[in-house]
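Converting from the sequence shown to our numbering requires adding 73 to each position, the first position being numbered 1. Worksheet: the structure to be examined is printed underneath.
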Amino acid sequence: MEKKNDSKVISDREFMILLKAAKQNEDQAILQLIDLYKDDIMRISQYIYMPQEDAISTIVLEFMEVIRENNDTSETD
Numbered sequence: 074m075e076k077k078n079d080s081k082v083i084s085d086r087e088f089m090i091l092l093k094a095a096k097q098n099e100d101q102a103i104l105q106l107i108d109l110y111k112d113d114i115m116r117i118s119q120y121i122y123m124p125q126e127d128a129i130s131t132i133v134l135e136f137m138e139v140i141r142e143n144n145d146t147s148e149t150d
């Protein structure tokens, strides 16, 4: 029963460090962020009308693009 709400929790500081590293295209940081949101990605993929593997790939790709887009806008400020 506890498994349903069991998700990884990290501090805001740790998250910001991971996010900054991911914006600099550090593979390990990107993988850690994806792993952090893995349960959410799996749950959301069930509601997308395509094979689950394709839905997961699409969500992860969009997630990575959002990280990169935010990096592009922050550099121009």
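The beta carbon of each residue, even a glycine, is placed where N, CA and C say it ideally should be.
Subject >> Rounded straight-line distance, which links the Cα of Ile-114 to that of Val-82 >> reply: One alpha carbon belongs to Val-82, the other to Ile-114, and they sit about 16 Å apart.
**OP:** Determine the direct distance from the alpha carbon of Lys-111 to that of Tyr-120, and round the result to whole angstroms.
**Re:** 15 Å
Subject >> Cβ neighbours of Ile-132 in the same chain (closer than 7 Å, five flanking residues each side left out) >> reply: Ile-114, Ile-117, Ser-118
**OP:** Provide the residue span of the alpha helix (DSSP H) that contains Lys-111, from first to last.
**Re:** Here the alpha helix (DSSP H) through Lys-111 covers 111 to 118.
Subject >> Glu-87, enclosing alpha helix (DSSP H) - first and last residue >> reply: 85 to 96
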